[in-house]
Every structure is written in structure tokens, then in C-alpha cells.
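To start, the structure itself, in C-alpha cells.
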Amino acid sequence: MVDLSVRIGSVTLANPVMPGSGTLAEGLADVFDLGRLGAIVTKTITPDLRRGTLPPRLVEYRDATLFAIGIPSLGPDYYLKKTVPFFARFPTPLVASVSADTVEDFARIAARLDVPEIAAIEANISCPNLRAHGRAFGMDPVATRDVITAMKAATTRPVWAKLTPNVGDIAGFARITEEAGADAVIVANAFLGMAIDPETREPRLGNVMGGLTGPALKPLILRMVHQCAEVVSIPVIGCGGISDWSDVVEYMLAGATATQIGTATFVTPTAMPRAIEGLEAYCRRHGITRIAELIGAMRPRGGVPTAAIDPVPAKVSA
Amino acid sequence: MVDLSVRIGSVTLANPVMPGSGTLAEGLADVFDLGRLGAIVTKTITPDLRRGTLPPRLVEYRDATLFAIGIPSLGPDYYLKKTVPFFARFPTPLVASVSADTVEDFARIAARLDVPEIAAIEANISCPNLRAHGRAFGMDPVATRDVITAMKAATTRPVWAKLTPNVGDIAGFARITEEAGADAVIVANAFLGMAIDPETREPRLGNVMGGLTGPALKPLILRMVHQCAEVVSIPVIGCGGISDWSDVVEYMLAGATATQIGTATFVTPTAMPRAIEGLEAYCRRHGITRIAELIGAMRPRGGVPTAAIDPVPAKVSA
Amino acid sequence: MPSALRLADPRVPIPDVHPPYVPAASAGFPVAENLCRVLVNAAVNDDYRLMVAAAPAAALAARPGQFFHLACPPSGEDRPFLRRPMSIHAVDPAAGTITFLYKVQGAGTRGLATLAPGDRLDAFGPLGHGFAAPEGRRHLLMLARGVGLATLAPQAEAVAAAGGRVTAVLSARARDLVMAEDRLAACGCDTLVVTDTDGTSAVEALRARIAAIHAERPFDAIVTCGSDRLMRLARDFARAWGVPGEVALEQHMACAVGLCHACVRPFVDAAGETSYRRVCWDGPVFPIEEATSWSI
Amino acid sequence: MPSALRLADPRVPIPDVHPPYVPAASAGFPVAENLCRVLVNAAVNDDYRLMVAAAPAAALAARPGQFFHLACPPSGEDRPFLRRPMSIHAVDPAAGTITFLYKVQGAGTRGLATLAPGDRLDAFGPLGHGFAAPEGRRHLLMLARGVGLATLAPQAEAVAAAGGRVTAVLSARARDLVMAEDRLAACGCDTLVVTDTDGTSAVEALRARIAAIHAERPFDAIVTCGSDRLMRLARDFARAWGVPGEVALEQHMACAVGLCHACVRPFVDAAGETSYRRVCWDGPVFPIEEATSWSI
Ligand SMILES: Cc1cc2nc3c(=O)[nH]c(=O)nc-3n(C[C@H](O)[C@H](O)[C@H](O)COP(=O)(O)OP(=O)(O)OC[C@H]3O[C@@H](n4cnc5c(N)ncnc54)[C@H](O)[C@@H]3O)c2cc1C
Ligand SMILES: Cc1cc2nc3c(=O)[nH]c(=O)nc-3n(C[C@H](O)[C@H](O)[C@H](O)COP(=O)(O)OP(=O)(O)OC[C@H]3O[C@@H](n4cnc5c(N)ncnc54)[C@H](O)[C@@H]3O)c2cc1C
Ligand SMILES: Cc1cc2nc3c(=O)[nH]c(=O)nc-3n(C[C@H](O)[C@H](O)[C@H](O)COP(=O)(O)O)c2cc1C
Ligand SMILES: Cc1cc2nc3c(=O)[nH]c(=O)nc-3n(C[C@H](O)[C@H](O)[C@H](O)COP(=O)(O)O)c2cc1C
Ligand code: FES
Ligand code: FES
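This is the structure we're talking about:
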């Protein structure tokens, strides 16, 4: 038996695979047993009700997709009355994702969700669509600190900070959230992107800018996870371009304790259970009994790149 | 006849297509007439001689490639004696790209290249491989300002600042370089990325981290070009993921005056002349006589997304 | 069904290029990544292709108006990344087949067009809310144009099979682009072909003809798909006659199971409030009253 | 040449799936994106495939040791992005064909393996510096293992055609993986097959056998490709005999024309200084003296 469990602070996950916020909803329960997941993370909700952005909301772009959904939110009342009970049927830790326009509202919604059915609260300080030109809380060190500090004061639930990749020094932001009391840091939300149709000259998204996600961006986020894991001692959760078990392993080697899968579920709706089964097989194949051993276990390159053969002449017999 | 010419300050380009630094060399002269290009941009050189990074230097990744080449540099003497004469045979403006370890060395090499054969000097303040964890001049506003100021003082050649995309507020950096006297801003160099082999647990690149380039990243850089073009009045040169004429048009609509093509040349060695011919065809098709009309000419979305049909009942005849 | 069905034998096992992977956790769930085998994939006219595939049991539960989200292979320069939604055009549980009727539009459908008999088709579904149950309908008015036919034909067939009468208006640019006329006639539908070429597809002409049919034998339900003009007309009738109307909408999709909110369209309710609903999850079949447009 | 060549007729025009685009600016340049048509693409044993393609004139100028950078089509889950370098295994200007002998390794070569006769092949080249001119060689020692054979065979043939003698050592895991033996024999080379299975490929055994041949009929040049062990052996001989040795190296490539510096390998010169040289532009054929390893 392989022990796939990992710990995010006080929360133990049966395995390191969970969905990215906004890429799981009730509909996926028709496709596979959500009880198999490491955690269930729900779409970000806001204190107020929101419709989301103008369609078109989606552009397919090579191995990436550009989305501008916004946060269509039915608010915390609906969430507590409908969403929580729906997912409470699964034995899996439930993680709520929240966002807001002000620090006070972040605190208020964190307090509102301080219920035992919710295992942790994700702070989406990084959503790129809410503010003009994508400037979000998460791009401002002070706002980042204030949001996490206020949420920690307002709730007994663990608080996970989901960083935006649209910053220069992501490790600095990870450290700020750790100092502010975050129980884990998620690296990262979507990159801000844009596309224009050369024929009509119009932006392809109703919202002009949107989040670029998908496998093509994995190397960027992996680098960020590595940089963050080197400077914080809270768990880092990797999120970005993960398609399968091998990507999960890659993130864990880079320093992630767990991972979130987003866009891959749209391409392969069973991507998450496949990844979990693949992880188990990988561990078996490599004689790994506890998957947690992989966390940060990248090795230095072993090759001897120069002088792979001896440049000094050997004695020639002939 | 379509007028494909664009102006980057005092430099007039026959068309808006040139190579990204590090993706053109003498070898391409065997493949097509380099005289057709808008400009010839050469690989970054440094004042000192450098070997570049440890192999492996390349990982292919979906529609992107992760490179860690470093700056194998033969220095300014070789450049002036060999490289400049080789490219001087073409009628095309020659742009030298330089990098250095200190502000003083940036100035020194800019002074050294103050020769009439060089139409402009690109300041590669963004190369992600030179410093630990990719922190480069271009990630520090003060260092960015100092480099451009010092280069401007040291040379009579126009100075183009090539920004790194690994920052939070790229438009702020564009403004800094404009204020420091840059004649154009290139948006942008490569994103810093990383990849690990799950089987060996080793990083795939000899240098651990490298630059992620290629079509998959186009939406990110396009967004950055748009943000920069909105705040500076010097020309913005778009660079990132451009494969063909339609990408050039997209960048110009977003606000770029010209574009640089990198990785696409590796996939399609004639990508640049193809793009130029494609641009001419595009302009003809759209009745555009001067391609410069496209610069920043993105249109707001025209659609009427709600109530595309009248929600108020029409009088029914039957 | 075209005779081409005989080209390939459904009993031949699917070639295991990529061995089908069924995660234990997903066995027995209603919505599945069905590994099908293409039996037929042939052009029916200049615009449309018909694809018949042998499908596992889960797929055969599809109802009229539901759809599958198809993985599209790369072809030429195209690398379709996301799946593409396609209405179920026919389900034959006895033969174990599902059928799609599709128009080649872009990267995804160009890829689908390259599938040859024997190739694998990954069809995620069945998905979405289909049309109201056919039972009890006395006289269904079906207003289809172009690709709308792909979606509506199975509902017309179902109403006919349940003993109802169906008047199927088939609108197309030209006579030779009309599809499924024989299939609808064979199951007892009255078909009314109208085209742009001969001017019979003009809305006002159509309005008068349908009103005359209604006067003779009243319609008690309307379904439409494929055109904003027909949708408006259908809504006018539904309101005037006080009968339920349904429209099957389209929108580009990512997840197709209600996760991502990419596929929304605006709806305007009786109070004039606009809301966004997910075509994949709240539809693709919607009450005609609140829909604002059929496609972008 | 295998008889399979007859399978397809080179005079049939290349199907214009994507009409060949030749930018005016690139006409007449020595290195081109040659649009070829696959004539044969068949397995020669468990590991290797042979591909013959009808090629335009620019491609037919390829010399032994040069290579092409091949655009590899997507297949299955694979989406190769960059091109893949392949040595020229044969050029037949009369027939207008170029030939590659390749091993299926990963995404790119899996894609190449899917090309069928009649399909288009985009072969960028000819590229790189090949072997020294064959003229004047009296006795060439060729030390090839595995894929090295693909690269060395044309040089052996050229030396033989120029009137030189060639002793070709063909090393392989097992007897049935040895390739081109007939072709080499046909052009007059002495072939020496050694295998791991029967132990004859062991370096010291080989060293003695080759020394014996040299004692009888001295070698005046050595070429090697495909194995570090053979490269070391070749270098030992080159130094001991004072004859020029050449090795064809491999490295993963991006541009293949010296632009990107991705394909470097370390070299150590006589003074012990390490430098990086580009396999694509400075090679792929290098003086054996300074090369440090054949492949990673
Ligand atoms: C429920 C449902 C059922 C359907 N059933 C059928 C069917 O039975 N038969 C059939 O032929 N088709 C059907 N469609 C439509 C079909 O899904 C599309 O034609 C298909 O997805 C096109 O994919 P493509 O890659 O070929 O074209 P694409 O490359 O996706 O583009 C096709 C066209 O759509 C435009 N487009 C692309 N993205 C967007 C966007 N985000 N917003 C607006 N426009 C965009 C493109 O510019 C292009 O003109 C159905 C759609 C839905 C939602
Ligand atoms: C000049 C030249 C001539 C050649 N001629 C021939 C020939 O005639 N016949 C022939 O069969 N082959 C030849 N090769 C080798 C051939 O190019 C490779 O086998 C091919 O590129 C593999 O591509 P792939 O996509 O199939 O495999 P890939 O998926 O690229 O990988 C194959 C293997 O290489 C490893 N790999 C991938 N990237 C790197 C990297 N950056 N550094 C180190 N290892 C890496 C992978 O892990 C894998 O094990 C030649 C190479 C060169 C440079
Ligand atoms: C359609 C869509 C909606 C998303 N909604 C949210 C959201 O509400 N809150 C959030 O924090 N992240 C949201 N994300 C970001 C994802 O959780 C994830 O960070 C991102 O997609 C990167 O992962 P991926 O490459 O695996 O998709 C959304 C992403 C997509 C594609
Ligand atoms: C192999 C390689 C080498 C590069 N070397 C340099 C360099 O020396 N100096 C520089 O400023 N940019 C360098 N770049 C970055 C490119 O100029 C360009 O900014 C980047 O590749 C993004 O464009 P692309 O997506 O079109 O490739 C290099 C890129 C590649 C792929
Ligand atoms: S496509 Fe994702 S919600 Fe409809
Ligand atoms: S592959 Fe680009 S320099 Fe050799």
C-alpha cells in the first residue's frame, strides 16, 4: 500500500490532488466519485451577488485557454444553504474560495464561512478580472498582508492564500502571506492575457483581458512554486497547467505539498482521478511508500557534462 | 502598393518584422534574403567573454520551449570586427543587443558600439539566466533607470530597452525607461520557467531555470504590450510568441509599432519573410495603404450581447 | 441510416492505440468519457458530415436535445485543445450506435472530419437537459435551419413514435442542403422544405403558411434550433397560441458540465431582468420565452 | 534501395493539403524548407525505420554527414513542436530522392513513423558540415553502432566510389539489428559485424581485430558514430596511427542553423581548455581529437 496522504497544516488530504477553484461544481459528481479527491475546492464566492463578465468568455489558444468569467457569485447565503450540503456528502475536506472588494469584506465573508463543514478557506486575492487592467489585491504587498491578517482574525478556519502569478517576486508575496498567518499558499492563479481578432480588430473576450491557463504555462508556475517553497515553511500548493500524475510529481519535487488541477478537467473530465491512480502507480514503480517523500525532493543534475569521456589519451594497445 | 514601413524614433524600418535577439545569426543568411527584414537584431553580447550555460540547454514543452543558453559572448571586439561587417552587406538597419553585470559596463559597451553601422542598441536588461534565480536588472526599477540613463549618456545611438516580463507592473517599467531616455521599449524577453523529469528527479535544464518562449505565451505578452502602449509615447516593439502575419497584426492592433520573432524561426526558418508577405496581403485585403494605421487600432467590441433579438413581443399576425 | 453503415463491423474491437483507461472511481457514473469506434464519417452534402459510432452503454442513454463533448484530433496545422459540443442526431440502442450530423467550421470539426472508420472517438456525455418528454404531444411544430436539424430530428422522431403528429419546417439556403427529409418523412412527419433560393424561407411567407396549418390542426408545442429569425417566429407563435416553445441554443464550451461558466448566454425574464445561464448545464434546451439569441 | 521504392511513383504530384509556400525572398538559397513527398516509410527491424522521399533539387545537394531538420507531424497524444535532426542516409540525385534511417525514440520520431507514402515531408536543409571529401582516402575505418550507421553509410559509399577501400565495423546488440550490411557490401566495403549477443562487440576484442587489419593494410582515416565506446576506440587508433579521425555527434536542436546555441557539446582542445561548439553549425562532424562524448 502506498500512503498518498499529505498534510496542509491541520488538514490531512487523502492524496495531493484537488481542483482549482472555479473548475469544479456539482456537475462533476455525475462523472466520478468526488470522494476520491484530496479536497473539494469550490468556485470563488463574493459577499455580493455577481453575474460575471460579458460573453464571449473563452478563447482557445494552442495548449492554453484564455478565460474571462469573472466571479458569477450567488453569495454566502446560497453557498451555506446549497453548496456546502451538496459537497458535505463526500468524506473529502471542503475548501471554500472567497474574494471581495475590500479588506473588511474579506474578513466578513471569512467570518460568515466559519462553519465546521468547511475545512479551509482559500483567499482569492489574485483574480485578474475584477479590477481595471487586472491589478488585484495580490499585486500589492500591503493589501495582501492586510487581507490575510484580517481573515485570520475573523475565522477559526485555516486560511490558504492563493497568489497571483502576475508579480515580479512571487516568493516575496509568499513570505508576506506566511508572516500574516496564512496556513498555506497556493501558487498560483491565472496569468493575465489578451487576444485580438485581426479580422474584426476586436478583442476576442468580452472582458478584453482574461486569465491564461493550461499546460503551456506549467514551466512558469513550477518555477514559482520552487521559488516559494525555498522561502516559506508553510505548505505550498502548486496550481497551473497540471494535466496528469507526472505533472503532480514534478510539482511535488519542486516543493509543492499538494496540487490543484484546473483546465485539464475540461479536456479530460476524469483528469483528477486518473492523476491519483497514476500517482499510486508511480510510487509503486519507484518503491515509494509515502508520497510525502517527494516534496522538494528534486535532485541536482547527476551528469558529468564536460569530459564525459576522459580527454587524456589512454594507452593504445595497437 | 502597401507602405509597410514603420518608424522607431529616428530609425525607419521597411516593415515591422525583425528577429528577437538570440534567434538570428549568420546561418540564416543561407536560408533567405536578410535584406528583406525590417531590421537585423543580433544576439546579446557582453563586455567579457562567456561560454553560456551548461547543457542540456533546451526542453521542448507543448507549444513552448524552455531554453537556458546564457550569453555565449565573444565580446565587442569580435562583434565589431566580424559580426558588424557580415550584416553590413544588407541594406537593413542593424541593431546590436548588449548586456553586462554592472551599470558602468552597460555604459562602456554602449560607448564601444557607437559606430555608424549600428542603427540602434538594444539593452538586454532582462536576460533571466545571468543572476541567481533570474533576478535581473529589469526586475528592479532603479537599476532599470540607471542602465538606460548611463547608456544614453554614453552613446549617440538610439537605445531600445528590452523589458523582462517577470515583473508585476510592466507598464511602470516601460515608463521608467521612457523617462530615462529610451528611444523604444521592447516588450518583452522570455518568461522564467523550469522543468523537472519525474523519473530522474533532476531538472531538465543544465541551468535549472530557463526562458519559456513560443506561441503559447503570446496572450500574456500581448496584454503587456497593450498595457505599455497605453502609458508611453515612445514606440513599443512587441516580442513573444509571434508565428505569422496575423500575430504581427494582433500586436500592432494592441499598440506595437513593430515586432520581433524568435522561436517561430526555429520551427519555420522562413517565418519572418512569410510574415512580411502575409502582412502585405492582409493590408491589400483590408484596403490598408499604410500599415502604420494599424498601430493601436484595436476596436471596442461591436456586438450587442444582451437582447440581440428584441425581448419585447412583436405583434403576431397569426 | 446510410448504407455506408455496412462499411465497418461494430463487433471488431476498438484498436487500442491508446488503451482505454477507466478510472475505478468513474465506473458506473451517468456521464462518461465514452470510447466509441467510428463506423461511418462521410459527407452528406457540401456543408455537412454524418458520423456514426459504436458506443458503450452509457452513451446510448442519450435523449433528444442532449449532446456529447467530443475530443477532436489534430489535423494539418490544427491542434484543437478543448472538446467540441455536438448534439445527438440519432441513438440506436439496438445497434449500439450514436450519430452526429455536423458542419465543418474550424479546427475542431476539421479534426473530426479526418476520423476514418475504425478510429476511436472520445465522446464525453450524454450531457445537458434535452427537450420535454415527447409523450402526450398532439401536434409539434419543428422549425429547423441548417445545423438545427441535427438537434431537432431526434425529438421529432420521438414525438412521432409516441403517437404525436409533427410538422417539420426545414429551412436551408438551397434545396440540396436540406437534410434528414427522408428520415423525418419515414417516421411520419409532415415536412415543409423552404429555401432562400426560391424565397419560401422568408419569415412572413412562412408565418402565413404555418398560421394556416395551425388553423386547420392546432399545434400544442414548438421546438426550434438553428436561426435567430426562426426563433423569433417560434416565440411569436408560442405567445400567440399559448403553447410551450423550446429552443436549443449554442455557445462555445470548455467543461460542458456546468463547472466553468464559459458557455453562458443572456436571458431576459418576464420582469425584464437579464441573467446569464449556462448553455451546457441549464440547457442547451431552454424555454423560448427568455432566450435572447440563438447563437453569437 | 529496398524494392518497396516501387510502391509509390515519384511523378505523382505532392497532394496540396497545405499549398507549398515559397517566400520570394528565399528562392535560390542553399538551405531550404524542402517540401518532399514520402515514397517509402517502413520498418527495417524492431528498432529502425527507413524513409525515402522525393525531394526538390536543393535537398539533393546533401553530402555525407550533413543532415535535415524534419518537421514531425502530431500523432496520438504527441504534439512535437520543434523539428528533429536526421542524418542523410542516402541521396539519389538521379531518382530525385533522399533517404533517412531512423529509430523511433519519442514524440518526433513517433510522428515521423506515421507518415504514409504520398504524405508531405518538410525537410529543412541540407545542413551542417559533413565528412571530409572522400577523394584520396586509401583505407577508411568506419566504426558504427546503432543509429551511427545511418550517418556513416553514405561516407563509406562515397569513399568506395572514389576508389578507396573501406572496412566497416557494424556493431549492434544482436545480429538482426544490423543494417545496411548488404548495401555496404554491394559497394565493395569489407563489413565486420560484431554483436553484444556473441560478445564480439567488446572493445578489447575489437581493438585486437582492427589492429590486425591495420597491420596488414594500414588505415589512413577513421569515421565513427553511434557510441562513446567506439568513439574512444577510434580516438585511440587515430592517435596511435597518426591518421585523421572524424566523429558525427548528436545533440537536441532547435534552429539547426547556428542561431540558438542550444545544441552545444563540450570540446577540450590540446591545451586542456573546454569550449562549447554547436553540433548543427560547427559540426555535426568534428575532429575526433577534441570531442568529449558522442551523445548525452
Ligand atoms: C449543445 C451544442 C450542440 C451542437 N450541436 C451541433 C451539431 O449537432 N452539429 C454541428 O455542426 N454543430 C453543432 N454545434 C456547434 C459546434 O459545437 C461548433 O460548430 C463547433 O464547436 C465548432 O468548432 P470548430 O473548432 O470546428 O470551430 P471553431 O474554430 O471553434 O470556430 C467556429 C467559429 O466560431 C467562432 N468562435 C470561436 N470561439 C468563439 C467564441 N468563444 N465565441 C464566439 N464565437 C467563437 C470562430 O470564430 C469561428 O467562426 C453545437 C453546439 C452546441 C453548444
Ligand atoms: C545531426 C544529427 C543527426 C541525426 N541522425 C539521426 C539518424 O540518422 N537516425 C536517427 O534515428 N536519429 C538521428 N539523430 C537523433 C534524432 O535526432 C533523435 O533521435 C530525435 O530527435 C529524437 O526525437 P524524438 O522526438 O523522437 O525523441 P525525444 O522525445 O526528443 O526524446 C528522445 C530521447 O531524448 C531525450 N531528450 C529529450 N530532450 C533532450 C535534451 N534536450 N537533452 C538530452 N536528452 C534529451 C529524451 O528524454 C528521450 O529519451 C540525429 C541527431 C542529430 C543531432
Ligand atoms: C474557467 C475558470 C474559472 C476560474 N475561476 C476561478 C475562481 O473563481 N477563483 C480562483 O481562485 N481561481 C479561478 N480559476 C483559476 C484556477 O483555479 C487555476 O488557478 C488556473 O486555472 C490555473 O490552473 P490550470 O492551469 O490547471 O487551469 C479559474 C480558472 C478557469 C479556467
Ligand atoms: C534560444 C534563445 C536565445 C535567446 N537569446 C537572447 C539574447 O541573447 N538576448 C535577448 O535579449 N533575448 C534573447 N532571447 C529572447 C528572444 O529574443 C525573445 O525575446 C523571446 O524568445 C520571446 O520571443 P518568441 O516567443 O518569439 O521566441 C532568446 C530566446 C531564445 C529562444
Ligand atoms: S462549458 Fe463550462 S459551464 Fe458550460
Ligand atoms: S540548434 Fe540552434 S545553434 Fe544548433
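Protein chains in written order, with the working numbering: chain A, 1 to 318; chain B, 1 to 318; chain C, 1 to 296; chain D, 1 to 296.
Even glycine gets a Cβ: it sits at the ideal position worked out from N, Cα and C.
What you are looking at is a predicted structure, and each value in this text was computed from that prediction instead of being measured.
- Kindly indicate if chain D contains any beta-carbon less than 8 Å away from that of residue 36 of chain B. yes
- Query: Where in the segment 137-222 of chain B do unbroken runs of the beta strand (DSSP E), each at least 3 residues long, occur, reported from the N-terminal end onward?
  - Reply: Within the segment 137-222 of chain B, the complete beta strand (DSSP E) runs of at least 3 residues are 159-163, 184-187, 191-194, 209-213.
- Query: Is the segment 29-39 of chain C close to the segment 75-93 of chain C, with three or more CB pairs under 8 Å?
  - Reply: no
- Query: What are the residues of the segment 259-273 of chain D that lie near chain B, defined by any Cβ-Cβ distance shorter than 9 Å?
  - Reply: Here the close residues are 259, 260, 261, 262, 263, 264, 265, 266.
- Query: For residue 78 of chain A, is the classification buried or exposed, using 16 other Cβ atoms within 10 angstroms of its Cβ as the cut-off for buried?
  - Reply: exposed
- Beta-carbon separation (whole angstroms), residue 46 of chain A vs residue 83 of chain A, contact threshold 8 Å: No, residue 46 of chain A and residue 83 of chain A are not in contact; Cβ-Cβ is about 14 Å, not under 8 Å.
- Looking at the structure shown, is residue 17 of chain B part of a helix, part of a strand, or coil, going by DSSP? strand
- Message: Counting beta carbon pairs with one atom in the segment 221-229 of chain D and one in the segment 251-263 of chain D, are three or more of them shorter than 8 Å?
- Response: no
- Say whether chain A places a C-beta atom closer than 8 Å to the C-beta of residue 166 of chain B. yes
- Across which residues does DSSP place residue 84 of chain B in a beta bridge pair? Answer is none; residue 84 of chain B lacks a bridge partner.
- Query: In the segment 56-77 of chain C, which residues sit with their C-beta less than 8 Å from some C-beta in chain D, listed in chain order?
  - Reply: 74, 76, 77
- Could you give the distance in angstroms between the alpha-carbon of residue 231 of chain C and the alpha-carbon of residue 77 of chain C? The alpha-carbon separation between residue 231 of chain C and residue 77 of chain C amounts to approximately 36 Å.
- Message: Please report the distance separating the alpha-carbon of residue 80 of chain A from that of residue 279 of chain C.
- Response: 25 Å
- Closest to residue 240 of chain D by CA distance: which of D:207, D:264, D:256 is it? D:207
- DSSP-derived helix/strand/coil call for residue 131 of chain B: Caution is warranted here: a pLDDT of 43 is assigned to residue 131 of chain B, below 50, making its placement in the model unreliable, and no coordinate value can be reported.
- Assigned exposure category for residue 299 of chain A - 16 Cβ within 10 Å defines buried: exposed
- Output the boundary residues of the alpha helix (DSSP H) element that contains residue 252 of chain A. For residue 252 of chain A, the enclosing alpha helix (DSSP H) begins and ends at 245-254.
- Selected residue, minimal CA-CA separation from residue 39 of chain A, among A:116, A:147, A:260, A:280: A:260
- Query: Okay, do the segment 41-52 of chain D and the segment 229-238 of chain B touch, 3+ Cβ pairs below 8 Å being the bar?
  - Reply: At 8 Å Cβ cutoff, the stretches do not touch.
- Any heavy atom of ligand 6 closer than 7 Å to the Cβ of residue 139 of chain D? Residue 139 of chain D Cβ: outside cutoff for every heavy atom of ligand 6.
- Item | Contact the segment 5-25 of chain A vs the segment 152-161 of chain A: 3+ CB pairs below 8 Å | Flag = yes, the segment 5-25 of chain A and the segment 152-161 of chain A touch.
- residue 252 of chain D at chain B interface by Cβ criterion, 8 Å: Under the Cβ criterion of 8 Å, residue 252 of chain D is counted among the residues facing chain B.
- Message: Determine whether the beta carbon atoms of residue 256 of chain D and residue 285 of chain D lie at a separation below 8 Å.
- Response: no
- Taking 8 Å as the CB-CB cut-off, is residue 183 of chain C touching chain A? no
- residue 210 of chain C in three-state terms, based on DSSP: helix
- Cβ contact (3+ pairs, closer than 8 Å) linking the segment 114-131 of chain C and the segment 185-196 of chain C: no
- Item | Segment limits, beta strand (DSSP E) that includes residue 218 of chain D | That residue, residue 218 of chain D, is in no beta strand (DSSP E); it is neither H nor E in DSSP.
- Query: Quick one: is the Cβ of residue 198 of chain B within less than 7 Å of any heavy atom of ligand 2?
  - Reply: no
- Message: Our contact map puts residue 154 of chain B next to residue 110 of chain B with C-beta atoms below 8 Å; I'd like the distance itself, whole angstroms only.
- Response: 5 Å
- Query: What's the gap between the Cα of residue 234 of chain A and the Cα of residue 278 of chain A?
  - Reply: 26 Å
- What separation, rounded to the nearest whole angstrom, lies between the Cα atoms of residue 214 of chain A and residue 253 of chain C? 15 Å
- Task: Would you tell me roughly how many angstroms separate the C-alpha atoms of residue 92 of chain D and residue 129 of chain D, rounded to the nearest one?
- Result: 19 Å
- Do residue 179 of chain D and residue 70 of chain D have their C-beta atoms within less than 8 Å of each other? No; because the gap between Cβ atoms is not below 8 Å, this pair is not in contact.
- Item | Cutoff 8 Å: residue 291 of chain B Cβ touching any chain D Cβ | no
- Does any C-beta atom of chain D lie closer than 8 Å to the C-beta of residue 55 of chain B? yes
- Query: Hey, quick one: how far does the alpha helix (DSSP H) through residue 155 of chain C stretch, first residue to last?
  - Reply: Residue 155 of chain C -> alpha helix (DSSP H) spans 148-161.
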